[in-house]
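**Q** Okay, handing you the structure first.
In our numbering, the protein residues as written are 1 to 282.
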């Protein structure tokens, strides 16, 4: 089922499966990737309770091995719609018999979409409803439509003069890095940047990143407090994913202890976590 939000500037459509943003329009122009499976059949999945890939797709907890596929299960589950107004919608996913088989923690995940003038705010709330500590990561994966020549686009980082990307090896994070020097805070886009999969950035000075087309701002991603970032596309695909993350893939040296995973968040019993990012359309 789709939920549509509108205001005087924007129209956003969210699918209850995965609470996934599937459309964001201004003046009938679409800014979210259409999801053509020839390249990638998703639009903006929510990554929870992990971001990226676990070593051997598994982890250990209390002497038992559990399995989680890449980016976790939230994107594949139906969310309950708990509130809808003209410009706000609240979706929730709670632990179940099925989730407990692979993630033995009692949780509730709320995803809140709010239209605010020319921006869409995506808010995530995670509640540990159990009686033990709960490790998790969470992230967004919005794919922005770039319908024209890919090399006409660039990214402008608010405060960074260079960015350091960590390389993936068989989907796991290595210590091998590439430094990209920016010209006037800009990174020109080219498919060659993604020849070895995503760019994984552990630390940024910028709170905002703009997508420019021929040096004209089209979209601004307001990262909020998200500490990590992924950038990704596929060869010849007319989209770019700009992904605010808490956490990232396991390192090659991972021991399988989820509580010691780099970038992991650990909630105490009955504790809550809240974060958000924004998408501004010019």
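Cβ coordinates follow ideal geometry from the N, Cα and C atoms, glycine included.
Remember, it's a predicted structure, so these values are computed and weren't measured experimentally.
If residue 139 and residue 244 are in contact, beta carbons under 8 Å, what's the gap, nearest whole angstrom?
**A** Taking the chain shown and counting its residues from 1, the one referred to as residue 139 is at position 139. Taking the chain shown and counting its residues from 1, the one referred to as residue 244 is at position 244. About 6 Å separates the two Cβ atoms, so the contact holds.
**Q** Quick check on the DSSP output: what are the complete alpha helix (DSSP H) runs of length 4 or more inside the region 88 to 139, in order along the chain?
**A** You should have 97 to 102.
**Q** Just to confirm my understanding: we take residue 48, look at its own chain, exclude 5 residues before and 5 after, and list those with CB closer than 7 Å. What are they?
**A** Start at 1 with the first residue of the chain shown, and residue 48 comes out as number 48. The residues are 72, 74, 109, 136 and 138.
**Q** Can you tell me the Cα-Cα spacing of residue 17 and residue 254, whole angstroms?
**A** Within the chain shown, the letter at position 17 stands for residue 17. Within the chain shown, the letter at position 254 stands for residue 254. Cα to Cα, the separation comes out at about 31 Å.
**Q** Distance check for residue 202 and residue 61, CA to CA, integer angstroms please.
**A** Taking the first residue of the chain shown as 1, we reach residue 61 at position 61. Taking the first residue of the chain shown as 1, we reach residue 202 at position 202. Straight-line Cα distance between these residues: approximately 26 Å.
**Q** Would the beta-carbon of residue 43 fall within 9 Å of that of residue 198?
**A** Sequence index remark: in the chain shown, residue 43 carries index 43 (1-based). Sequence index remark: in the chain shown, residue 198 carries index 198 (1-based). Not closer than 9 Å, so no.
**Q** In three-state terms, what does DSSP make of residue 204?
**A** Counting from 1 along the chain shown, the entry for residue 204 is found at position 204. Reduced to three states, the DSSP call for residue 204 is coil.
**Q** What is the DSSP secondary structure of residue 288, reduced to helix, strand or coil?
**A** Residue numbering for the chain in the displayed model covers 1 to 282; residue 288 lies beyond these limits and cannot be assessed.
**Q** Give the range of the beta strand (DSSP E) segment to which residue 25 is assigned.
**A** As a working mapping, residue 25 is identified with position 25 in the chain shown. First-last of the beta strand (DSSP E) with residue 25: 20 to 26.
**Q** Count Cβ pairs between the region 264 to 281 and the region 110 to 127 that sit closer than 8 Å; are there 3 or more?
**A** Counting Cβ pairs under 8 Å, three or more are found: they touch.
**Q** Residue 191: buried (16+ other C-beta within 10 angstroms of its C-beta) or exposed?
**A** Sequence index remark: in the chain shown, residue 191 carries index 191 (1-based). When all chains shown are included, residue 191 counts as exposed.
**Q** By how many angstroms is the C-alpha of residue 240 removed from the C-alpha of residue 234?
**A** As a working mapping, residue 234 is identified with position 234 in the chain shown. As a working mapping, residue 240 is identified with position 240 in the chain shown. Rounded to the nearest angstrom, the two C-alpha atoms are 8 Å apart.
**Q** Name the DSSP beta bridge partners of residue 76, please?
**A** The count along the chain shown starts at 1 and reaches residue 76 at position 76. Looking at the DSSP assignment, residue 76 forms no beta bridge with any residue, so it has no partner.
**Q** Can you give the Cα-Cα distance for residue 182 and residue 257, rounded to whole angstroms?
**A** On the chain shown, position 182 is the one that residue 182 refers to. On the chain shown, position 257 is the one that residue 257 refers to. Distance between the alpha carbons of residue 182 and residue 257: 37 Å.
**Q** Got a sec, what are the start and stop residues for the beta strand (DSSP E) residue 245 sits in?
**A** Residue 245 sits at position 245 when you count from the first residue of the chain shown. Unbroken beta strand (DSSP E) run through residue 245: 239 to 246.
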